[in-house]
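S.K.: The structure that follows is given in the form of structure tokens.
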Amino acid sequence: MTKQPHAFDKNAFQLSVQKHLSATYAHTVENADSRAWYLAMGRALAEITTINLLETEADERVVNAKSVNYLSLEFLIGRLTGNNLINMGLYESVTEAMAEMGQNLTDLLEEERDPSLGNGGLGRLAACFMDSLAAQEFPSVGYGLHYEYGLFKQSFAEGRQQEAPDAWRGVEGYPWEVARPELAQEIGFYGHVESYDDNGVQRRRWVPSMYVKAMPWDVPVVGYQSNTVYPLRLWECQAIAPFSLESFNNGNYFEAQHALIDAGNITKVLYPNDNHEKGKTLRLMQQFFHSSASVRDILRRHLDAGLALADLSKQETIQLNDTHPTIAIPELMRILMDEYHLDWDAAWAISSKTFAYTNHTLLPEALETWSESLIQHLLPRHMEIIYEINHRFLQEVRAKWPGDVAKQQKLSIIQEGFNRVVRMANLCVIGSYAVNGVAALHSELVKRDLFPEFDALYPTRLHNVTNGVTPRRWLKFCNPGLSELVSEIVGNDWPKHLEQLEAVSQYAKDAAFQKRYMAVKRENKQRLADWVKTNLDIEISADAIFDVQIKRLHEYKRQHLNLLHILSLYHRLLNEPGFDMAPRVVFFAAKAAPGYHLAKEIIFAINKVAEKVNNDPRIGGKLKVVFIPDYRVSMAEMIIPAADVSEQISTAGKEASGTGNMKMALNGALTIGTMDGANVEIREEVGDDNIYIFGLEVDEVEALKAQGYNPFEYYHADPLLKASMDLLLGEEFTPGQPGLLRATYDSLLDGGDPYLCLADFASYVKAHEAMDKQYRDKAGWAQKAILNTALVGKFTSDRSIRDYVDNIWQLKAINR
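Written out as structure tokens, the structure reads:
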């Protein structure tokens, strides 16, 4: 049953906005700019959500129910104001209230900077999950870090990525967050471990040599059409004694603030560059700071509710989003044993039934490891506990496979070698009661390839939960035109029941509906084209195919395969007189990690190719390439509704799931993709005729690699591929500077093409040709686009959360 939206007193709201405008931000109505109006409006709205947050927190039904605690180093929540207004049912009311005050809500929403609290899909998924937990009223707390600068603000100079600090809060702070100093925690680092006698019992305790304060900021996660608000609790690191007056008075001004500088670094930047030792230390400090503060807060809530420590796992589950919060496992063990004096078995009985772990990658280099010596130095007691967990676990392995040393070496938490390392994924599997992959294919590969021995040892531990996206943000908010069209057919309940979209499929062949559906798509494309013209000064036509690849820049995601296809189209337009193609605009948006050299070179190559292609009169505007800088959630909200084609072209077996594929299909884009991640399940839902699948499948990838893959064979055997690649060698795109784009070319040949771009190239070109032909059949294309929207209801994050609730967490919804 849909609940009534919040009772809204327009006059009281307007008075609150005016109060914040003057009292909080020191502006008069006459001199306030749009930024000041946005901040004042945000504060007025946040007053409502903060009251609801505190009421939800104090509600006995919530206090006494089992909760999930979602630990993630990333939460890419996007701009909150517009989305919260929709969830609160206040969008129209606030539009009207602000209009009476002479302000346009749409303009004010543009003043908000995306909270820069994540890097990619991992953080976006975490945000969708929090939205779905609140929408379905499953008790939950999200735990993250309050980064001062986030990842980085991306721009291009001469085609190369530039990184600048992303001060997302601005100088005034973020209107939606509220400080909770009464919930602050003290966190230790370094120091030593000592033994002591406790009435005849020998105990161990950690004596840290450095302490910092974890200051929580709560961001509201607003339930859709309900008064439920859960906290996303973000920890900011502060010095406990931030200033030494004695040092200052003695003239040592830097030393006076030393503690402040050290502490501030921990939450200064999302994932500091860790290709040097100081970066590695800081990153592990971030992970422990986050994990320890979160575990302590969970225990505080549990004990404040008057519940027994032994019942922790009955009341709380802690979901580890990837391996970044793994150190929470030995930290909970340490607290239970050293601070509450439980013995090992009692502590392990609690801890091992409390944690669950989501695996997000099969890539060996992405499976996190930490040097044993670094953990020993930074967290000496935790290293002792990891050794003990491993010792007891290896006894289980020996009992299962007597004498099999290879199994012990593979499963051990400690990887032997000259520099011994701690395998965090192994620790997660051993210390959790449930482990899940994020798409059916991925979960199968986790069992078959990544953790087959763990699956044999713990046959009920590994699960699948296919990812999903929140339809509130990714259709209702970002695509109002399509949302209205859907509501006409299925009513207004679909944002909570996305399976209702299936009714739209019966209109897929209806000419009148097709016309309206494609008019919405064209309007969205025109909006993006206008943005590109205004911000990038590139003229593009909304009648062209909008071919979109938006995701982190990584070799396995194969932006460089897309680039090869662009080069092939350019080559054919110039050299094949009979070649015809529908006009096409290829969009990229992606950040490369600061230390990832080849990813940055691929960005440079795409930008240099774009400069030439976009300005070459010989091709008559048939092909344009647009690389949108500083990709973020608010940018995705504009690009996704405008996409005709969704590029999901990772090497089969490398992408765990993907969620961009779900968002674009939901908004009526046709997927061109490999049989990888959730593409496999999207194909099952929309049918073979409404998706363009190409390339090698997982088993074929493995077989090709096993027999010895030689990219030169493909290069020499395919004249179009060779001609396309050779364009990167000369000065076609870098006049007077031949060879500037060589890094991408070399990675595909001398570098061995580890992600098989050349092996999949011909199949990729064929799939694009079929798609190009289909696009010219307007009615046929419209039918396929409509069916994509109608048939992907499975991919709501509401369903993902129900899968977690039913199969892993065992929660009950609290209807407030």
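Sequential numbering of the sequence shown, starting at 141, is according to this note's numbering. Where is the CB? At the ideal position from N, CA and C, for every residue including glycine.
Please classify THR407: does DSSP put it in a helix, a strand, or coil?
M.R.: Reduced to three states, the DSSP call for THR407 is coil.
S.K.: Could you tell me whether the region 545-557 touches the region 452-465, using the rule of 3 or more Cβ pairs below 8 Å?
M.R.: no
S.K.: Specify, as a first and last residue, the run of the alpha helix (DSSP H) that GLN847 falls within.
M.R.: Where GLN847 is concerned, the enclosing alpha helix (DSSP H) stretches over 838-847.
S.K.: What first and last residue would you give for the beta strand (DSSP E) that runs through HIS603?
M.R.: 602-604
S.K.: Comparing C-alpha positions only, which one of GLY827, MET658 and LEU713 sits nearest to LYS764?
M.R.: LYS764 has its Cα closest to that of LEU713, out of GLY827, MET658 and LEU713.
S.K.: Checking 8 Å against the spacing of the C-beta atoms, do ILE469 and PHE428 come in under that value?
M.R.: Against a cut-off of 8 Å, the Cβ pair of PHE428 and ILE469 comes out as no contact.
S.K.: Quick check on DSSP: helix, strand or coil for VAL932?
M.R.: coil
S.K.: Assign SER380 to buried or exposed, taking buried as 16 or more other Cβ atoms, counted over all protein chains shown, within 10 Å of its Cβ.
M.R.: Correcting the residue type first, residue 380 is Ile in the shown sequence and not Ser. Classification for ILE380: exposed.
S.K.: Is DSSP giving CYS377 helix, strand or coil here?
M.R.: Looking at CYS377 - three-state DSSP - the assignment turns out to be strand.
S.K.: Under 8 Å by Cβ, that's how I've got LEU844 and LEU896 pegged, so tell me the actual separation to the nearest angstrom.
M.R.: 7 Å
S.K.: Note the first and the last residue of the continuous beta strand (DSSP E) segment covering VAL688.
M.R.: 685-690
S.K.: Which class does MET141 belong to by DSSP, given the choice of helix, strand or coil?
M.R.: Residue confidence is low: MET141 scores 33 on pLDDT, short of 50, so the model does not pin down where it sits. No coordinate-derived value is stated.
S.K.: Going by DSSP, what residue range makes up the alpha helix (DSSP H) through TRP634?
M.R.: From DSSP, TRP634 is part of no alpha helix (DSSP H); its letter is neither H nor E.
S.K.: So for GLN158, helix, strand or coil by DSSP?
M.R.: GLN158 sits in a helix when the DSSP states are folded into three classes.
S.K.: In angstroms with no decimal places, state the Cα-to-Cα distance between MET270 and GLN847.
M.R.: 45 Å
S.K.: Note down the Cα distance separating PRO859 from PHE834, rounded to an integer number of angstroms.
M.R.: Computed Cα separation, rounded: 20 Å.
S.K.: Counting pairs of Cβ atoms below 8 Å between the region 335-353 and the region 159-176, do you hit three or more?
M.R.: no
S.K.: I'd like to confirm something about LEU861: is its beta-carbon nearer than 7 Å to some heavy atom of the ligand MG, or not?
M.R.: You won't find the ligand MG in this model; it holds no ligand whatsoever.
S.K.: Could you pull out every residue in the same chain whose Cβ sits closer than 7 Å to the Cβ of ILE226, ignoring the five residues on either side in sequence?
M.R.: ARG612, LYS616 and PHE617
S.K.: Following the continuous alpha helix (DSSP H) through VAL311, name the residue where it begins and the one where it ends.
M.R.: Counting along the chain, VAL311 falls outside any alpha helix (DSSP H), and DSSP gives it neither H nor E.
S.K.: Return the bridge partner residues of GLN342 from the DSSP annotation.
M.R.: ASP337
S.K.: Figure out for me which residue from TRP316, CYS268 and TRP375 has the closest Cα to the Cα of LEU323.
M.R.: Taking only the C-alpha atoms, the option nearest LEU323 is TRP375.
S.K.: Tell me, please, which residues DSSP counts as bridged to ILE458.
M.R.: ASN209 and PHE495
S.K.: Can you list, in chain order, the residues of its chain whose CB lies under 7 Å from that of GLY363, leaving out five sequence neighbours each side?
M.R.: ASN227, ALA274, ALA275, GLU277 and VAL369
S.K.: Pick helix, strand or coil for THR814, following the three-state DSSP scheme.
M.R.: coil
S.K.: Just the C-alpha distance for PHE744 and ALA730, rounded to the nearest angstrom, thanks.
M.R.: Roughly 12 Å between the two C-alpha positions.
S.K.: Is it buried or exposed for ASP900, if we count other Cβ within 10 angstroms and need 16 for buried?
M.R.: buried
S.K.: ASP358 bridges to which residues according to DSSP?
M.R.: VAL318 and ARG373
S.K.: Confirm, please, whether the CB-CB distance from LEU193 to TYR965 is below 8 Å.
M.R.: Beyond the ends of the chain as shown, which are 141 and 956, falls residue 965; an answer cannot be given.
S.K.: Am I right that ASP784 and ILE685 are in contact with their C-beta atoms under 8 Å? What's the rounded C-beta distance?
M.R.: 5 Å
S.K.: Quick check on GLU240: buried or exposed, where buried means 16 or more other Cβ atoms within 10 Å of its Cβ?
M.R.: exposed
S.K.: From MET523 to ILE515, what distance separates their C-alpha atoms?
M.R.: Approximately 6 Å between the Cα atoms of the pair.
S.K.: Using a Cβ distance threshold of 8 Å, determine whether the region 647-667 contacts the region 745-752, with at least three qualifying pairs required.
M.R.: no
S.K.: GLU909 to ASN830, Cα distance in whole Å?
M.R.: 15 Å
S.K.: Who are the Cβ neighbours of GLY892 in its own chain at under 7 Å, not counting the five residues just before and after it?
M.R.: Closer than 7 Å at the Cβ level, and outside the excluded window around GLY892, lie PRO851.
S.K.: Would you identify the three-state DSSP class for TRP614, choosing helix, strand or coil?
M.R.: helix
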